Amino acid sequence: MEKRERILYDRETITERIRELAAQLDAHYEGREILVVGLLRGAFVFCADLVREMQSKVEVDFMSTSSYGNDEVSSGDVQILGGLRADVKDRDVLIVDDIIDTGRTLMTVTRAIETMGPRSVKSVVMLDKPSRREVDFSADWTGFTIDDVFIVGYGLNYGPYYRNKPYIYTYEED
């Protein structure tokens with residue numbers, strides 16, 4: 001059997017949803033500066049597109065986490081591999097991630113940032129896969145909610161590849 005791509009969200013659909021999310025975030029943070037924390041590597045495309053659409057005053061920083069390795073499912077062991085350069089104390093922090101499935105990564109990062117004394121910590125994800133949730137944690141804003149399918153593209157990888165695709169897709173067998 002040969003696998004072929006099945007596009008779930010094309011570039012135009014993603015762009016429109018990001019504009020909507022940016023407007024919601026701007027309204028929520030009106031008049032405040034935001035420290036946007038993108039989670040590497042999966043969220044770098046979403047984070048870049050999102051902050052370009054936002055009108056708020058933002059500083060961007062990144063954290064590096066790992067729970068998947070090169071597998072299709074999370075190991076459940078979340079590691080924070082690289083910390084922040086920016087000072088978090090008394091700031092509004094917005095964590096940006098590509099996907100929340102088990103919830104462990106976003107919960108771990110949120111708790112780690114909360115220990116640094118921020119004014120607030122919120123999160124936005126491009127994709128939510130609630131059927132895979134293992135902990136009681138949800139993102140504050142979500143681009144799209146999806147079923148339990150393996151997806152790639154738009155920052156999401158399979159092994160070290162496919163992050164560069166401008167759309168989100170899964171595979172179907174012929």
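Residue numbers (UniProt numbering): 1 to 174.
Quick reminder that beta carbons are idealized off the backbone N, C-alpha and C, glycines included.
Keep in mind the model is a prediction, meaning the values are calculated, not measured.
In the structure shown, the three-state DSSP call for Ser56 is coil. Thr65 sits close to Ile80, with the two beta carbons spaced by under 8 Å. Leu50 sits in a helix when the DSSP states are folded into three classes. DSSP places Ser131 in the helix class (H, G or I) of the three-state scheme. With distances taken between CA atoms, Ala43 lies nearest to Asn157 out of Glu5, Asn157, Thr145, Tyr29.
Excluding residues up to 5 positions away in sequence, Lys129, Ser131, Arg132 lie with their Cβ nearer than 7 Å to the Cβ of Asp148 in the same chain. Ranked by Cα distance from Gly153, the options Val109, Asp98, Gly117, Ala139 are led by Asp98. In this structure, DSSP gives Glu114 a helical state, which the three-state scheme calls helix. Non-local C-beta neighbours of Ala86 in its own chain, meaning closer than 7 Å and more than five positions away in sequence, comprise Leu35, Glu59, Asp61, ordered along the chain.
Ranking Val51, Thr108, Ala112 by CA distance to the CA of Val135 puts Thr108 first. DSSP places Leu84 in the coil class of the three-state scheme, outside both helix and strand. In this structure Leu25 is not in contact with Val93, their Cβ atoms being roughly 12 Å apart against a cut-off of 8 Å. In this structure, Val96 lies away from Gly159, with their beta-carbon atoms at least 8 Å apart. Beta-carbon to beta-carbon, Met63 and Val88 are separated by about 11 Å, too far to satisfy the 8 Å threshold. Using a Cβ distance threshold of 8 Å, Arg32 and Phe144 do not count as a contacting pair.
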